[in-house]
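Asker: This is the structure I have questions about; it appears just below.
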Amino acid sequence: MNNLAQVGKQLSAIWAKLGLNQRISIVIGALAIVAGLASLLFWSSRPELSLLYGKLDDTESAKVINHLDEAKIPYRISRSGGAIYNLDDKVHKTRMQLAMKGIPGGEGPGWELFDKPNFGISDFVQRANFLRAVQGELARTISQLDGVSGARVMITLPENRLLVDKQKKPTASIWVKLRGLGDLSPATVNAIRFLVANSVEGLAPNNVSVVDNHGTLLTESRENDPVAGQSNNLLTAKRNAEKYLAEKVETMLALVLGSGQSVARVSADINWDTITRTEEKFDPEGQVIRNSTINDEKTESTTPGAGGTAGVVPNTTPETNSVAGLTGSKTAKKTATTTYDVNKITSQIVQGAGTLKRISAAVFVNTRMTGTGTNRVAQPRTPEELKKFRLVVQSALGIDTNRTDEVTLEEVVFNDQPVIELNEKIEKQEKYQFVWSLLKNFGSPALALVFFALFLHTLRKTKTDDIPIGFPLDENLAFPNGNGGTNANGNGHGNGHANGNGNGNGNGEAHEEKPAPHEDVVTAETLNRLIRENPANMTHAIRAWLVGNSDQPKPSGDSPQK
């Protein structure tokens, strides 16, 4: 205790010896150090929070908060209430704990409805739970698709009736919540329809409707209007072909010019007619002998002479009858038959729908820019460079001059000011985050060091006081009995003193006295006596000490008279 008391006395003595500026500097420096240390402790002890769940409705947020309160896990809720933040090192663990309890439910319950056996429930409740489980599982699956942040599935299953010949067909409606400002492609919508249709017995894809969170019907029933459905399919195919060709050009130019430096639009004229053609071609010069037949005939015959009536003996002698009754003949016949096959080509050509009749493409190329910000200057490309780009685009699109295809390529200056402003905002935000992280981690120590340096600088510039109680010994302060400090205008005489206007006035007899040597340091008793005897000079000395101006007017006296 004695040591502490002694230390306290020493500190009090040191504090008493300090001037006003020194005391103010010490107080400000101490407060700055305390504030810096407090800020440092506050920021260092503040926990790092990360997003636990976002975009939750009030019901799901209440479930999550209830679990966090029961588990005594610190958290913070956003202003909108849809986002909940948790400690950075406990985010994944907390999510696992919530997932075990089925929180957040999101798209509804799934097959976990049947994890616990429920005896004694009715067939209707069992059937309803089964339908709820199917809907929940389908909604969870659809929510995992790209571009979908949430989904709900509603399925209607008609009751099986024995006395009804024609049963009603199942139907389904799907509500999807799109992520951001994106949109679902037709292929994704069809995939959702077939996914739901194949998961429910008897459900056809045409009986599945898909609606987004903007109220837009993404599917249309074309079962009762096949003509309109076919026309829409042809239009969709045309758009897909044009989109494919345009992306083909843009992606190729992006590798050379950069992303977003070119825009391509393609118009394709497609032939949707189906043509079947049969052709037969004969080649007369390509004859081939198929078969050849040669017939050679020779005949010899004798013709009898004149004769009489049957049964009547002729009036001729036997010799005459034998010679005259016979006449002979000989014939020869040769026939050749040759069959030739002519070379014939038969072809059947079927020309399907979807052939390109004509392509027309328009391409814009951004002008080259040099410099940054407001110092950007355009540097147009030469006609030779634009011609090379045009030839490359023609080759990529498969341009056929016989079809009167056309490609137009022009260089223009793009209006990329919104993109530049967006990039500047992103850069500013990144800089702000970087600076904020630096201030958060090193701001408090740096602030404390700055205040401490200012304190030391102020302390060094403060004048040292010679008087222990903090008052300097000024030249204007005169000692009693005519002893005073050196005056520029004269010396004090008799019992007089130097006044504020520099004129020495005395009430006693004027005589010359040798001034006593004064000391730079006076005691408290001497100072009190000086204040009583010379209040005006003391007031002036205190004012000069506070202002710190050595050029203040000093009192002067006349030379002493004898």
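Here this note's numbering is used: the first residue of the sequence shown is 884, the next is one more, and so on. Glycine included, each C-beta is placed from N, C-alpha and C at the ideal position. All of these numbers come straight from a predicted model, not from anything done at the bench.
#1: Apply the 10 Å Cβ neighbour rule to E1396 and answer buried if 16 or more other Cβ atoms are within range, or exposed otherwise.
#2: Going by beta carbon distance, what residues of the same chain come within less than 6 angstroms of I1177, once the five residues before and after it are set aside?
#3: Does the beta-carbon of S944 have 16 or more other beta-carbons within 10 angstroms, so that it is buried, or is it exposed?
#4: Would you call the segment 1239-1249 in contact with the segment 1271-1287, where contact means no fewer than 3 C-beta pairs closer than 8 angstroms?
#5: How many Å lie between A1080 and Q1018 at the Cα?
#6: When you compare only the Cα positions, how much space is there between L901 and H1340?
#7: Taking only the alpha-carbon atoms, compute the straight-line gap between G1254 and R1148 and give it to the nearest angstrom.
#8: Assign F1165 to one of three DSSP states: helix, strand, or coil.
#9: Can you tell me whether T1159 is buried or exposed? The criterion is at least 16 other CB atoms within 10 Å of its CB, across all chains shown.
#10: Are the beta-carbon atoms belonging to L970 and P930 less than 7 angstroms from one another?
#11: Is the distance from the Cβ of K1213 to the Cβ of E1183 below 7 angstroms?
#12: State the beta-bridge partners of S1184 as determined by DSSP.
#13: So, at 7 angstroms on beta carbons, what are the nonlocal neighbours of F1334 in its own chain, with the 5 sequence-adjacent residues on each side left out?
#14: Would you check if the segment 995-1002 and the segment 1047-1061 touch, i.e. whether three or more CB-CB distances between them fall below 8 angstroms?
#15: Suppose you measure from the CA of K1051 to the CA of L1138; what does that come to, to the nearest Å?
#16: Under the criterion of a Cβ to heavy atom distance below 6 angstroms, does Q1262 qualify as lining the ligand SAH?
#17: For T1287, does the three-state DSSP call read helix, strand or coil?
#18: Locate the alpha helix (DSSP H) running through K1311, then write down its first and last residues.
#19: For L935 versus I967, is the C-beta distance shorter than 7 angstroms?
#20: Can you tell me the Cα-Cα spacing of K984 and T942, whole angstroms?
#21: What residue from D1152, L1140, Q1312, F1007 has the CA that sits closest to L1128's CA?
#22: Considering only the beta carbon of each residue, do N1073 and Q1144 sit closer than 7 angstroms?
#23: Kindly identify the DSSP beta-bridge partner or partners of N969.
#24: Tell whether a beta-carbon distance below 7 angstroms holds between V1008 and I1038.
#25: With distances taken Cα to Cα, identify the nearest neighbour of L1014 among G1003, I1309, R1035.
#26: Would you kindly work out how many angstroms separate the C-alpha atoms of F1297 and T1054, rounded to a whole number?
#27: Pick helix, strand or coil for S1005, following the three-state DSSP scheme.
#28: If V1290 and V1276 are in contact, beta carbons under 8 angstroms, what's the gap, nearest whole angstrom?
#29: Mapping the DSSP letters down to three states, classify W994 as helix, strand or coil.
#30: Just to check my reading of the structure: P1328 and L923 have Cβ atoms closer than 8 angstroms, yes? What is that Cβ distance to the nearest angstrom?
#31: Under the rule that 16 or more other beta-carbon atoms within 10 Å means buried, what is V1091, buried or exposed?
#32: So, helix, strand or coil for T1119, using DSSP?
#33: Just to confirm the assignment, what range does the beta strand (DSSP E) spanning L894 have?
#34: Is the separation between the beta-carbon of W1155 and that of A1022 shorter than 7 angstroms?
#35: Would you kindly work out how many angstroms separate the C-alpha atoms of S1278 and K1131, rounded to a whole number?
Answerer: This is what the structure gives:
#1: Start at 1 with the first residue of the sequence shown, and residue 1396 comes out as number 513. Any reading at E1396 needs caution, since the residue's pLDDT is 44, under 50, leaving its predicted position unreliable; the model's value is listed next. It counts as exposed.
#2: Indexing the sequence shown from 1 puts residue 1177 at position 294. Taken in chain order, the residues that qualify are A1219.
#3: Numbered from 1 along the sequence shown, position 61 holds the residue referred to as residue 944. Classification of S944: buried, given that the 10 Å Cβ count is 16 or more.
#4: Contact between the segment 1239-1249 and the segment 1271-1287 is present, with at least three C-beta pairs closer than 8 angstroms.
#5: Here residue 1080 refers to the residue found at position 197 of the sequence shown. Here residue 1018 refers to the residue found at position 135 of the sequence shown. Distance between the alpha carbons of A1080 and Q1018: 12 angstroms.
#6: Here the question's residue 901 lines up with position 18 in the sequence shown. Here the question's residue 1340 lines up with position 457 in the sequence shown. L901 and H1340 have their C-alpha atoms roughly 16 angstroms apart.
#7: The count along the sequence shown starts at 1 and reaches residue 1254 at position 371. The count along the sequence shown starts at 1 and reaches residue 1148 at position 265. In this structure, the straight-line span from the alpha carbon of G1254 to that of R1148 is close to 30 angstroms.
#8: In the sequence shown, the residue the question calls residue 1165 occupies position 282. Per DSSP, reduced to three states, the secondary structure at F1165 is strand.
#9: Sequence index remark: in the sequence shown, residue 1159 carries index 276 (1-based). Classification of T1159: exposed, given that the 10 Å Cβ count is below 16.
#10: Residue 970 sits at position 87 when you count from the first residue of the sequence shown. Residue 930 sits at position 47 when you count from the first residue of the sequence shown. When the beta-carbon positions are compared, L970 and P930 come within less than 7 angstroms of each other.
#11: Taking the sequence shown and counting its residues from 1, one reaches residue 1213 at position 330. Taking the sequence shown and counting its residues from 1, one reaches residue 1183 at position 300. In this structure, K1213 places its C-beta atom within 7 angstroms of the C-beta atom of E1183.
#12: By 1-based counting over the sequence shown, the position of residue 1184 is 301. Answer is S1212.
#13: Residue numbering aside, residue 1334 sits at position 451 when the sequence shown is read from its first letter. Same-chain partners within the cutoff: G912, A915, I916, G919.
#14: By the Cβ criterion, the segment 1047-1061 is not in contact with the segment 995-1002, since fewer than three pairs of Cβ atoms, one from each stretch, lie closer than 8 angstroms.
#15: By 1-based counting over the sequence shown, the position of residue 1051 is 168. By 1-based counting over the sequence shown, the position of residue 1138 is 255. The C-alpha of K1051 lies about 56 angstroms from the C-alpha of L1138.
#16: The model on display carries no ligand, and the ligand SAH is accordingly not part of it.
#17: To locate residue 1287, count along the sequence shown from 1; it is residue 404. In this structure, T1287 counts as coil in the three-state DSSP scheme.
#18: Taking the first residue of the sequence shown as 1, we reach residue 1311 at position 428. 1300-1321 is the extent of the alpha helix (DSSP H) around K1311.
#19: Position 52 of the sequence shown holds residue 935. Position 84 of the sequence shown holds residue 967. Cβ distance < 7 angstroms, so L935 and I967 count as in contact.
#20: The count along the sequence shown starts at 1 and reaches residue 984 at position 101. The count along the sequence shown starts at 1 and reaches residue 942 at position 59. Near 15 angstroms, if we compare the C-alpha coordinates of T942 and K984.
#21: For the purposes of this step, residue 1128 is taken as residue 245 along the sequence shown, with counting starting at 1. Closest by alpha carbon: D1152.
#22: Looking up residue 1073 in the sequence shown gives position 190. Looking up residue 1144 in the sequence shown gives position 261. Their beta carbons are not under 7 angstroms apart, which means N1073 does not touch Q1144 by this criterion.
#23: Position 86 of the sequence shown, counted from the first residue, corresponds to residue 969. Per DSSP, S933, Y958.
#24: Locating residue 1008 in the sequence shown gives position 125, where the first residue counts as 1. Locating residue 1038 in the sequence shown gives position 155, where the first residue counts as 1. Not closer than 7 angstroms, so no.
#25: Within the sequence shown, the letter at position 131 stands for residue 1014. With distances taken between Cα atoms, L1014 lies closest to R1035.
#26: Residue numbering aside, residue 1297 sits at position 414 when the sequence shown is read from its first letter. Residue numbering aside, residue 1054 sits at position 171 when the sequence shown is read from its first letter. C-alpha separation (whole angstroms): 49 angstroms.
#27: Here the question's residue 1005 lines up with position 122 in the sequence shown. Three-state result, S1005: coil.
#28: To locate residue 1290, count along the sequence shown from 1; it is residue 407. To locate residue 1276, count along the sequence shown from 1; it is residue 393. About 6 angstroms separates the two Cβ atoms, so the contact holds.
#29: Position 111 of the sequence shown, counting from 1, holds the residue named residue 994. W994 sits in a helix when the DSSP states are folded into three classes.
#30: Here residue 1328 refers to the residue found at position 445 of the sequence shown. Here residue 923 refers to the residue found at position 40 of the sequence shown. With a Cβ gap of about 6 angstroms, P1328 and L923 count as contacting.
#31: Position 208 of the sequence shown, counted from the start, is the residue given in the question as residue 1091. Flag for V1091 reads buried.
#32: On the sequence shown, position 236 is the one that residue 1119 refers to. Helix at T1119.
#33: The count along the sequence shown starts at 1 and reaches residue 894 at position 11. Careful: L894 lies outside any beta strand (DSSP E), inside the alpha helix (DSSP H) at 885-900.
#34: Here residue 1155 refers to the residue found at position 272 when the sequence shown is read from its first residue. Here residue 1022 refers to the residue found at position 139 when the sequence shown is read from its first residue. The Cβ atoms of W1155 and A1022 lie no closer than 7 angstroms to each other.
#35: Position 395 of the sequence shown, counted from the first residue, corresponds to residue 1278. Position 248 of the sequence shown, counted from the first residue, corresponds to residue 1131. One Cα belongs to S1278, the other to K1131, and the distance between them is close to 11 angstroms.
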